[in-house]
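Engineer:
2 protein chains.
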Amino acid sequence: MPSPDPTPVSESRIARWDLEADVAIVGYGCAGACAAIEAADAGAAVLVLERAGGGGGTSASSGGLIYLGGGTPLQTACGFEDDPEQMYGYLMAACGPAPDPALVRPFCEHSVEHYGWLEAQGLKFKPSFFAGGHEPPGDDSLTFSGSENVHPFRELARPAPRGHCASVVGPKGGVLMRTLLGAAERRGVQLQSGARTDRLVRAADGRVVGVVARLDGDDVCVRARRGVVLSAGGFIWNDAMLARYAPRLLRTEFKIGTENDDGSGIRMGAAAGAATLRMEAGDITLPIFPPLSLKQGLYVNRAGQRFLNEDAYMGRAGEFALLYQDGQVWMIVDDACFERPEHVPVEIAAVGETVAELERELGFATDSLQATVAFYNRHAARGEDPLFHKQPDHLRPLDRPPFAALDLRPEHLPYAIFTLGGLHIDADGAVLTPAGERVPGLYAAGRTTSGIAKQGYSSGISLGDGSFFGRRAGRAAARLST
Amino acid sequence: MPSPDPTPVSESRIARWDLEADVAIVGYGCAGACAAIEAADAGAAVLVLERAGGGGGTSASSGGLIYLGGGTPLQTACGFEDDPEQMYGYLMAACGPAPDPALVRPFCEHSVEHYGWLEAQGLKFKPSFFAGGHEPPGDDSLTFSGSENVHPFRELARPAPRGHCASVVGPKGGVLMRTLLGAAERRGVQLQSGARTDRLVRAADGRVVGVVARLDGDDVCVRARRGVVLSAGGFIWNDAMLARYAPRLLRTEFKIGTENDDGSGIRMGAAAGAATLRMEAGDITLPIFPPLSLKQGLYVNRAGQRFLNEDAYMGRAGEFALLYQDGQVWMIVDDACFERPEHVPVEIAAVGETVAELERELGFATDSLQATVAFYNRHAARGEDPLFHKQPDHLRPLDRPPFAALDLRPEHLPYAIFTLGGLHIDADGAVLTPAGERVPGLYAAGRTTSGIAKQGYSSGISLGDGSFFGRRAGRAAARLST
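Chains as they are written, first to last, in the numbering used here: chain P, 4 to 485; chain S, 4 to 485.
1. When you compare the segment 43-56 of chain P with the segment 18-28 of chain P, are there three or more beta-carbon pairs, one atom per stretch, that lie closer than 8 Å?
2. To the nearest whole angstrom, what separates the beta carbons of residue 65 (chain S) and residue 176 (chain S), a pair I think is in contact under 8 Å?
3. Could you tell me whether any non-hydrogen atom of the ligand GDP is closer than 7 Å to the CB of residue 224 (chain S)?
4. Is the Cβ of residue 10 (chain S) closer than 8 Å to any Cβ of chain P?
5. Have a look at residue 395 (chain S) and residue 387 (chain S) and give me their C-alpha separation to the nearest angstrom.
6. Kindly say whether residue 394 (chain S), judged by its beta-carbon, lies nearer than 8 Å to any beta-carbon of chain P.
7. Does any CB atom of chain S fall closer than 8 Å to the CB of residue 311 (chain P)?
8. With a CB to CB cut of under 6 Å and the five nearest residues on each side skipped, what residues in its chain are close to residue 485 (chain P)?
9. Any C-beta of chain P within less than 8 Å: which residues of the segment 273-298 of chain S qualify?
10. Looking at the unbroken beta strand (DSSP E) that takes in residue 241 (chain S), where does it start and where does it end?
11. Taking a cut of 7 Å between CB atoms, which residues from the segment 370-383 of chain S lie near chain P?
12. Within the continuous alpha helix (DSSP H) that includes residue 120 (chain P), where are the two ends?
13. Could you spell out the range, first to last residue, of the beta strand (DSSP E) harbouring residue 28 (chain P)?
14. Just to confirm before moving on: does the CB-CB distance between residue 30 (chain P) and residue 53 (chain P) stay below 8 Å?
15. Within this structure, are the beta carbons of residue 442 (chain P) and residue 275 (chain P) separated by less than 8 Å?
16. Starting from residue 258 (chain S), follow its DSSP beta bridges and name the residues at the other end.
17. Checking contacts by CB at 8 Å: is residue 327 (chain P) closer than that to chain S?
18. With a 10 Å radius around its C-beta and 16 neighbouring C-beta atoms as the bar for buried, classify residue 351 (chain S) as buried or exposed.
19. Can you tell me whether residue 4 (chain S) is buried or exposed? The criterion is at least 16 other CB atoms within 10 Å of its CB, across all chains shown.
20. Give me the Cα-Cα distance between residue 45 (chain S) and residue 192 (chain S), rounded to the nearest whole angstrom.
21. Indicate whether at least one CB of chain P lies closer than 8 Å to the CB of residue 485 (chain S).
22. Classify residue 298 (chain P): buried if its beta carbon has 16 or more other beta carbons within 10 angstroms, exposed otherwise.
23. Could you tell me which uninterrupted alpha helix (DSSP H) segments, each at least 4 residues in length, are contained entirely in the segment 363-440 of chain S, listed from first to last along the chain?
24. Nearest chain P C-beta to residue 15 (chain S) closer than 8 Å, yes or no?
25. Taking residue 195 (chain P) as the query, report the chain S residues whose CB atoms sit under 9 Å from its CB, ordered along the chain.
26. To the nearest angstrom, report how far apart residue 74 (chain P) and residue 480 (chain P) are at their CA atoms.
27. With 8 Å set as the bound, which would you pick, yes or no: does the beta-carbon of residue 162 (chain P) sit closer than that to a beta-carbon of chain S?
28. Could you tell me which residues DSSP puts in a beta bridge with residue 201 (chain P)?
29. Is it buried or exposed for residue 393 (chain S), if we count other Cβ within 10 angstroms and need 16 for buried?
30. To the nearest angstrom, report how far apart residue 116 (chain S) and residue 253 (chain P) are at their CA atoms.
31. Around the Cβ of residue 325 (chain S), are there at least 16 other Cβ atoms within 10 angstroms (buried) or fewer (exposed)?
32. Cβ closer than 8 Å: which chain S residues qualify as neighbours of residue 170 (chain P)?
33. Starting from residue 286 (chain P), trace the beta strand (DSSP E) in both directions and tell me its first and last residue.
34. Beta-carbon separation of residue 463 (chain S) and residue 40 (chain S) under 8 Å?
35. Using the beta-carbon of each residue, which ones in chain S are nearer than 7 Å to residue 451 (chain P)?
36. Can you list the residues of chain S that residue 436 (chain P) reaches, using a CB-CB cut of under 8 Å?
Shown next as structure tokens:
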């Protein structure tokens, strides 16, 4: 289905306003909810337009990790030292190419305050650290959610776990969103659900003054006296946009998002003159951990070469595999470390009593994979990985037959993906034109924007920057500026 | 210096038109000249606004290769078989990710006609093929200008040389542009040089009806009764745009272009509602050939691994080196194949009587590079390259000491770069909005647009698609459509 025309409507063509508010917010995931709370606290009458039957969006079905740091009370209570400078050092190194200091700097400097704000909304953190290196399966609230403690980042910034989540067993995104939506509701934020918003309304002077939504088949004109916040998600469910801007993401079908992540916010913003940034970028997760034992295995390409330390965050592995190795990737394991991935089905591409047999079965050049494994084993026996610097706790010679190759090509394993490109915003969540000017009256946050992560990703960054800049967008929209 | 504000001017604010034409063309390189000729042939009065003192632009200082094929008379005369389907197969494979069939298809199907048109403008081709695999140093007119005859492309489409150039010893871009500019002049095309154009003029209904140029410090309002063509080059000379959209291109400073390639055409188009595509893309050339003997060497990364067949086109090598190996790349040579690159200075990172010595001096892990070279030599002795499939004529064991490593990191060797991202156009050269609608009255071609090459590149594609879609943009602009 072609996307609806996002061209802004002229205010002069609006016969009457069906609904009015100070601030209109399009999309009620994490970014929209935080914008709503802050706008209400700034004294604005807030109306949220949500396409689904209720609030939550992709955030509600997410893992619920929020990237926070710089020395939060939770980090301190769990015995970890952190400060904004170390957090900044990690994010600038890990979220490239070329993260925007104008966003990363305040995100780090005010992260402790943001943590306190989330607590004040009712989010409960438990001072308990999960050492597994992924989303806590239990009720722990802190985990390493990126590549902070592995090469090369551990050498660039002092590692600290920054994945924060609500203390609850099981899915944590739902608790996060119930908490935020409740906080918004208590402040009198109005919700119009089932409202599909595809066009902004613009005054003669270029200022965004409202939106037009479709509700039960009718056009509903919504006046926003102070500003509009676009927090309508990314575009992972829009194949035409993917084909145009981020075609490599079309190679896998495990889309993280709801079907409403069809880029409508980005298209509305761009049609109103906003710049879009890094539209090619996406989080690309190779979701084979847990089990952690697989980190003892070896990622290899078609030449039988390793290309990354296997203890890197899965989003980094996916980036390297899909973007830099063209998706031609396998994992070599032996009997001692093989367990089936918990979250995805995996195909076994080859099994052999020897690595030579595996190599043959994979159709790799003779002695390519054998040389790789022999070199690795020789050093792993000494607790070393001179080529890719995997941490010693995952180093062990692969010498227990049978050996197997897991097929990690995107056509064979569901990489989890969502888009990271979107509208260009400044640190206030104001939407910018290609010339760097603000589009008057227009704000945005979450995956409708290009935020902290420009390609490199760590878990929790989307809820992190969505909540952080969502708040700022809500505050800025509530101030009537000209 | 900040870029000038590209926001379109409302027609209602134009007190009087200083200049008028049917078609106004911004930028007088290859795309602009071809647009001018076709618009004039379609009966339009044409005015070209050029920022420099005269026409030519980056095209005039380029190598002058034009990507043409499908069975041109020159290909046939030189004994090469080609057809549009093979040309299409190559370009779709080599210009990805995801080249746009809507552009590539007509580019291939009408390439023979386009060749004839270029001849009709006065361009002289000599039926003589240069076998060196790069720009002909003599007056030959045909050469392989991409990776057509190497792995993996030779297996995907029947190889044919498609780099066509004017038969002249020495620089060929100048001859091309003198020919095209002369053809335009003979048709009465008017040129206003020294005119800096930064804003479009838009009517109340959204139609682009002119431009505002700066001439000797004054604003000059130019009415375009039928249409405006943006052919103002790319943005390789705009560091702020590179930082935003294509930060990896900032790692090297050998910019292919004139200082006028500052993105003004793209910014004007985007400010008028146009979509931009693949803004991250760039041609990235690792310009170490000639001498061809270096193709006997080995590209290696910091792990001492090869990653590409060394006979790949230099634009493919640059893409792999900078984007997929993070620029951490060296070339290993022995005494038998080493000669200094003709076009760039090269630093010798290490020299050794043995590969082991080289490996040590480079700080590579013991036995990493040695294993790579030993594996390569063993197969090269049999004329085979099982890992990367380099053609047999470049395969020879590296066994003649001393050995050396050439430093190919972008901080040490000037990669030649220009941008490939830009405005979204259709096959008529009409500029499209994010919703896929035409911006009425606005056309574009050349590196102001995202054209045939979405990242993968072959020499001659920019003059190829610039001239081809420049012609179409000129024709379309000359038709007064609504």
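Idealized CB from N, CA, C, for every residue including glycine.
Structural biologist: In short, the structure shows the following:
1. yes
2. 4 Å
3. The ligand GDP is not among the ligands present in this structure, which contains no ligands whatsoever.
4. yes
5. 7 Å
6. no
7. no
8. Reliability of the predicted coordinates at residue 485 (chain P) is poor, the pLDDT of 45 falling under 50, and the value obtained from them is presented with this limitation in mind. Taken in chain order, the list of residues that qualify is empty.
9. 273, 274, 276, 278, 279, 280, 281, 282, 283
10. Here residue 241 (chain S) belongs to no beta strand (DSSP E), and DSSP marks it neither H nor E.
11. 370, 371, 374, 378
12. 114-123
13. 22-29
14. yes
15. yes
16. S:420
17. Contact with chain S is found for residue 327 (chain P), since one of that chain's Cβ atoms lies less than 8 Å from the residue's Cβ.
18. exposed
19. Note that residue 4 (chain S) scores 47 on pLDDT, short of 50, meaning its location in the model is unreliable; the coordinates nonetheless yield the value given after this. Exposed.
20. 12 Å
21. Reliability of the predicted coordinates at residue 485 (chain S) is poor, the pLDDT of 44 falling under 50, and no value is obtained from them.
22. buried
23. As far as the segment 363-440 of chain S is concerned, its whole alpha helix (DSSP H) runs of at least 4 residues are 371-383.
24. no
25. Residues of chain S passing the Cβ test: none, with the nearest at roughly 24 Å.
26. 29 Å
27. no
28. None; residue 201 (chain P) has no bridge partner.
29. buried
30. 35 Å
31. By the Cβ neighbour-count rule, residue 325 (chain S) is buried, with 16 or more other Cβ atoms within 10 Å of its own.
32. What residue 170 (chain P) touches in chain S: nothing, since even the nearest Cβ is about 39 Å away.
33. 285-288
34. no
35. Chain S residues near residue 451 (chain P): none, gap ~13 Å exceeds 7 Å.
36. Listed along chain S, the residues sitting closer than 8 Å to residue 436 (chain P) by beta-carbon distance are 10, 274.
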